[in-house]
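Protein chains in written order, with this note's numbering: chain A, 97 to 424; chain B, 3 to 249.
Yeah, the Cβ is synthetic: ideal placement off N, Cα and C, and Gly gets one too.
In this text the structure is predicted, and so the values were computed from the model without any measurement.
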Amino acid sequence: MALVSFVTSPGHSGTTFQSHGKAVLSATLIGTLLVLAGLGMPKWLTFLLTVAAANGLVSLGIVVLMRSGVVSFGQGLVFAAGGYAAALVFNKVGFHDLIGLAFLGGLIACLIAVPFAPLLSRYRGIFFAMLTLALSMVAYGLLMKLEMLGGSDGFNLGRPTLLGWNLPDQQVGYIVYTVTILIATLMALGVHIYFQSSRGLLMLAVRENELRVEYLGGSVRSVVIFNFAIAAFCGGLGGALAALALGHIEPNFSYWTTSGEFVFVAILGGWQSVISVFLASTIVELVRSFSSSYFPNSWQLALGIFLLVVIRFLPRGIGALWVKEGTR
Amino acid sequence: MLQATGVCKKFDAVVAAEDINIEILTGERVSLIGSNGAGKTTFVNMITGYLKPDKGKIQLQGLDITPLNPRLITRLGVARSFQIPQLFGELTVLDNIIAAHVCLSASLSFWRPARESNTTQRAHALLERFSLQEHRNRRVSELPGGVRKLLDIAMALTVSPKLLLLDEPTSGVSADEKFPMMKTIMDALGQEQSTTVLFVEHDMEIVAAHASRVIAFYSGRIIADAAPEVALANEDVRRYVTGELLI
């Protein structure tokens, strides 16, 4: 029952403790199960799930934006910002802590994105999407040209530590997986609680009818700006974790196709459940992994067909399988 | 309560408001009447800040609200409903009311559930006043027109307005439903004695039954401003508004 409450994002009534208690319990249960399951997984699967969780964080940010009625096609910008920030601090400053670098990536991405938020919050629909895409492509161009950041090849980073502990060779993959899963679970819980809050309802109201929100005394722009900052933080966090898992960073993090994949996952998951975003990200990584093994030159075709099927039969995304229509 | 002084507004060659001077007192129930294009809705839109007058000023309790935007004017205690209800279509009726409460809330929270008991109780009480309880869990997009109108007005009341503007509250509702609906609205407003109400209305029977004062517009000008029985008997009103006298 507790698990269902976290997964389905119902409109809770009752006290704060009652509502969030169930969600915290569900998140703890899911996080623990995934961490324990990782002990028995092959290395390729823990790596795949690590990347899926990191990418899922970026798409989670897009879902936050979608709930307030806008979609960013440029989350590659914050993904790259988080990744480069973590990688540069790792190599230049000598700070190697996995958790610290992950959150530092989120923070730096947020700081880079927020100055653009007041401008972006004036736009809606395709204009918002295209402006964010333009920003990410400007970043891509800069990253390609800047030799100090490795140019088009990017650069490598070494093995992170965890709270001062040097990770042994055999366990590094599992520990990065565990930390990524725990951070993703924590963020999913936080976003779930945010969705259920009064601010969460306000963002749905903004998506439905901006004019009415203003005529009820609410500030539409502040909602969009705040959600843009949250999305940037999620994106930066995902970028840092992805860079640390891969041990490499390159300008492609900010390329438009990368941003497109995050939107793809967000649409696939739907905006009604935070879990569905991570599930969608995992499905995409699995399809990509298996497709590129069996038909390497046409895995995008398989992914495209899969999305078409989902849009045809589940227009509200995978989350519609367990979130009934009309619930928040 | 509300004072409009020398308010003028033109849309190219069309005069929507010409030297409008009105003072509305606290607690009045004022009906704005006039044929289509007479300037009623323009006047309402200027009060709420959606349109800015070309000349003149509008004051709320002595404060000049002319340059303010709709959000700030709402926060000063002016609420409105719309000719075409402006609702949150994919949310339930209850969530619409809660969202309306949330919009003005000074303590928006990132973690306190939107449906916490205090807010939900207030929402239920408001739904009760507007006889909307039976619809509370229905999605707004599935509701009939009359219910949507009531919900639109109920949402405006969540801001506890000093001045409530109702733009054609019974338009688009069948003749049979108009009177019961207006009665429901006025009964619900009856609990807000200090709230001043301005309503735009085309049905003169409803105006006569529910207004304490009538302001008639014609071509952006005020042609009558009096008690209903006096205003509705005015020759210009009968000629230009109700059409009882041939021009």
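For this session: Find the nearest neighbour of B:Val-175 within the set B:Ala-15, B:Ser-162, B:Ser-196 and B:Val-149, judged by alpha-carbon distance.
Result: Position 173 of the second sequence, counted from the start, is the residue given in the question as residue 175 of chain B. Nearest of B:Ala-15, B:Ser-162, B:Ser-196 and B:Val-149 to B:Val-175, Cα basis: B:Val-149.
Exercise. Would the C-beta of B:Leu-62 count as close to the ligand ADP, meaning under 7 Å from any of its heavy atoms?
Worked result: In the structure shown, the ligand ADP is absent, as is every other ligand, since no ligand is present at all.
Exercise. Can you give the Cα-Cα distance for A:Val-275 and A:Thr-142, rounded to whole angstroms?
Worked result: Taking the first residue of the first sequence as 1, we reach residue 275 of chain A at position 179. Taking the first residue of the first sequence as 1, we reach residue 142 of chain A at position 46. Between A:Val-275 and A:Thr-142, the C-alpha separation is close to 12 Å.
Exercise. According to the Cβ coordinates, are B:Asp-169 and B:Ser-83 closer than 8 Å?
Worked result: Indexing the second sequence from 1 puts residue 169 of chain B at position 167. Indexing the second sequence from 1 puts residue 83 of chain B at position 81. Yes, the pair counts as a contact, with Cβ atoms nearer than the cut-off.
Exercise. Are the C-beta of B:Gln-85 and some C-beta of chain A separated by less than 8 Å?
Worked result: Here residue 85 of chain B refers to the residue found at position 83 when the second sequence is read from its first residue. Not closer than 8 Å to any Cβ of chain A, the Cβ of B:Gln-85 fails to qualify, so no.
Exercise. Does the Cβ of B:Pro-115 have 16 or more other Cβ atoms within 10 Å, making it buried, or fewer, making it exposed?
Worked result: The count along the second sequence starts at 1 and reaches residue 115 of chain B at position 113. Classification for B:Pro-115: buried.
Exercise. If we count the other Cβ atoms within 10 Å of its Cβ and call it buried at 16 or more, is A:Ile-222 buried or exposed?
Worked result: Numbered from its first residue, the first sequence carries residue 222 of chain A at position 126. Exposed, since its Cβ has fewer than 16 Cβ neighbours within 10 Å.
Exercise. By Cβ distance below 7 Å, which residues in the same chain neighbour A:Arg-384 in space, the five residues on each side in sequence not counted?
Worked result: Taking the first residue of the first sequence as 1, we reach residue 384 of chain A at position 288. Counting only Cβ-Cβ distances below 7 Å, and skipping sequence neighbours, we find Trp-395 and Leu-399.
Exercise. Which of the three DSSP states, helix, strand or coil, is assigned to A:Asp-265?
Worked result: The count along the first sequence starts at 1 and reaches residue 265 of chain A at position 169. The answer is coil: DSSP assigns A:Asp-265 none of H, G, I, E or B.
Problem set entry | Residues of the stretch 277 to 307 of chain A whose Cβ lies closer than 7 Å to any Cβ of chain B, in chain order | Ile-289, Tyr-290, Gln-292, Ser-293, Ser-294, Arg-295, Gly-296, Leu-297, Leu-298, Leu-300, Ala-301, Glu-304, Asn-305 and Leu-307
Exercise. Measuring CA to CA, which of A:Ile-289, A:Gly-237, A:Gln-368 and A:Ile-414 is closest to A:Leu-121?
Worked result: As a first step, residue 121 of chain A must be located in the first sequence, where it is residue number 25. The residue with the shortest Cα to Cα distance from A:Leu-121 is A:Ile-289.
Problem set entry | Contact residues within the stretch 45 to 77 of chain B, judged by C-beta distance below 8 Å to chain A | Thr-50, Asn-71, Pro-72, Arg-73, Thr-76 and Arg-77
For this session: Please confirm if A:Val-350 has its CB atom under 8 Å from at least one CB of chain B.
Result: What you label residue 350 of chain A is simply residue 254 of the first sequence in a count that begins at 1. According to the sequence shown, residue 350 of chain A is Ser rather than Val. Not closer than 8 Å to any Cβ of chain B, the Cβ of A:Ser-350 fails to qualify, so no.
Exercise. Of all the options B:Thr-160, B:Phe-112 and B:Thr-28, which has the alpha carbon lying nearest to the alpha carbon of B:Thr-121?
Worked result: Translated into the one-based positions of the second sequence, residue 121 of chain B becomes position 119. Residue B:Thr-160 is the option with its Cα nearest to B:Thr-121.
Exercise. Considering only C-alpha positions, which residue in the set B:Leu-167, B:Phe-201, B:Gln-5 and B:Tyr-220 is nearest to B:Val-16?
Worked result: Taking the second sequence and counting its residues from 1, one reaches residue 16 of chain B at position 14. Cα-wise, what sits closest to B:Val-16 is B:Tyr-220.
Exercise. How would you write the range of the alpha helix (DSSP H) that B:Ile-75 sits in, first residue to last?
Worked result: Counting from one through the second sequence, the residue named residue 75 of chain B turns up at place 73. Start and end: 72 to 77.
Exercise. Since B:Phe-201 meets chain A, which of its residues come closer than 8 Å, beta carbon to beta carbon?
Worked result: As a working mapping, residue 201 of chain B is identified with position 199 in the second sequence. Under the 8 Å cutoff, chain A gives no residues; its nearest Cβ is about 16 Å from B:Phe-201.
Exercise. What are the boundary residues of the beta strand (DSSP E) that includes A:Arg-255?
Worked result: Looking up residue 255 of chain A in the first sequence gives position 159. No beta strand (DSSP E) holds A:Arg-255; DSSP gives it neither H nor E.
For this session: Show which residues of chain A have a CB atom less than 8 Å away from the CB atom of B:Arg-82.
Result: Numbered from its first residue, the second sequence carries residue 82 of chain B at position 80. Correct list: Tyr-311.
Problem set entry | Pair within 8 Å by beta-carbon distance, B:Val-142 and B:Leu-153 | Along the second sequence, one-based indexing puts residue 142 of chain B at 140. Along the second sequence, one-based indexing puts residue 153 of chain B at 151. In this structure, B:Leu-153 lies closer than 8 Å to B:Val-142 by Cβ.
Exercise. Under the three-state reduction of DSSP, which class applies to B:Thr-7: helix, strand or coil?
Worked result: Within the second sequence, residue 7 of chain B is the residue found at index 5, counting from 1. Reduced to three states, the DSSP call for B:Thr-7 is strand.
Exercise. Anyone know if the C-beta pair for A:Pro-256 and A:Leu-194 falls short of 8 Å?
Worked result: By 1-based counting over the first sequence, the position of residue 256 of chain A is 160. By 1-based counting over the first sequence, the position of residue 194 of chain A is 98. Contact flag set, yes.
Problem set entry | Per-residue contacts from A:Gly-314 into chain B (C-beta, under 8 Å) | Residue 314 of chain A sits at position 218 when you count from the first residue of the first sequence. Per Cβ cutoff of 8 Å: Arg-73, Val-104, Cys-105 and Leu-106.
Exercise. What is the DSSP secondary structure of A:Ser-394, counted as helix, strand or coil?
Worked result: Locating residue 394 of chain A in the first sequence gives position 298, where the first residue counts as 1. Here A:Ser-394 sits in coil by DSSP.
Problem set entry | Positions along the stretch 107 to 133 of chain B whose CB lies within less than 9 Å of some CB in chain A | Ser-107, Ser-109, Leu-110, Ser-111, Phe-112, Trp-113, Arg-114, Pro-115, Ala-116, Arg-117, Glu-118, Ser-119, Thr-121 and Thr-122
Problem set entry | Option in A:Gly-172, A:Phe-324 and A:Gly-331 with minimal Cα separation from A:Tyr-219 | Position 123 of the first sequence, counted from the first residue, corresponds to residue 219 of chain A. Taking only the C-alpha atoms, the option nearest A:Tyr-219 is A:Phe-324.
For this session: Taking B:Met-157 as the query, report the chain A residues whose CB atoms sit under 8 Å from its CB, ordered along the chain.
Result: Along the second sequence, read from residue 1 onward, the residue named residue 157 of chain B stands at position 155. Here the neighbours are Arg-308 and Leu-312.
Problem set entry | Within-8 Å CB hit, A:Ser-115 to chain B | Position 19 of the first sequence, counting from 1, holds the residue named residue 115 of chain A. With 8 Å as the cut-off, A:Ser-115 counts as an interface residue toward chain B.
For this session: Please report the residue range of the beta strand (DSSP E) in which A:Tyr-311 lies.
Result: Residue 311 of chain A sits at position 215 when you count from the first residue of the first sequence. Unbroken run through A:Tyr-311 is the alpha helix (DSSP H), 306 to 311; no beta strand (DSSP E).
Problem set entry | Sequence-distant residues of the same chain with beta carbon closer than 6 Å to A:Ser-84, five excluded per side | In the structure displayed, chain A extends from 97 to 424; residue 84 of chain A sits before or after that span and is not available.
Exercise. Do you know how far the Cα of A:Pro-264 is from the Cα of A:Val-319?
Worked result: For the purposes of this step, residue 319 of chain A is taken as the residue at position 223 of the first sequence. For the purposes of this step, residue 264 of chain A is taken as the residue at position 168 of the first sequence. Cα to Cα, the separation comes out at about 44 Å.
Exercise. Can you tell which of A:Trp-418, A:Pro-347, A:Gly-413 and A:Ala-341 has the C-alpha that lies nearest to the C-alpha of A:Asn-151?
Worked result: Counting from 1 along the first sequence, the entry for residue 151 of chain A is found at position 55. Among A:Trp-418, A:Pro-347, A:Gly-413 and A:Ala-341, the Cα nearest to that of A:Asn-151 belongs to A:Ala-341.
Exercise. Per DSSP, A:Gln-292 forms a beta bridge with which residues?
Worked result: Within the first sequence, numbered from 1, the residue matching residue 292 of chain A stands at position 196. Partner(s): none; A:Gln-292 has no beta bridge.
Problem set entry | Cβ contact (3+ pairs, closer than 8 Å) linking the stretch 237 to 248 of chain A and the stretch 208 to 219 of chain A | no
For this session: Flag B:Phe-90 as yes if its beta-carbon sits less than 8 Å from any beta-carbon of chain D, otherwise no.
Result: Any reference to chain D falls outside this structure, whose protein chains are A and B.
Exercise. How big is the Cα-Cα spacing for A:Leu-258 and A:Tyr-273?
Worked result: Walking along the first sequence from the start, residue 258 of chain A turns up at place 162. Walking along the first sequence from the start, residue 273 of chain A turns up at place 177. Rounded to the nearest angstrom, the two C-alpha atoms are 12 Å apart.
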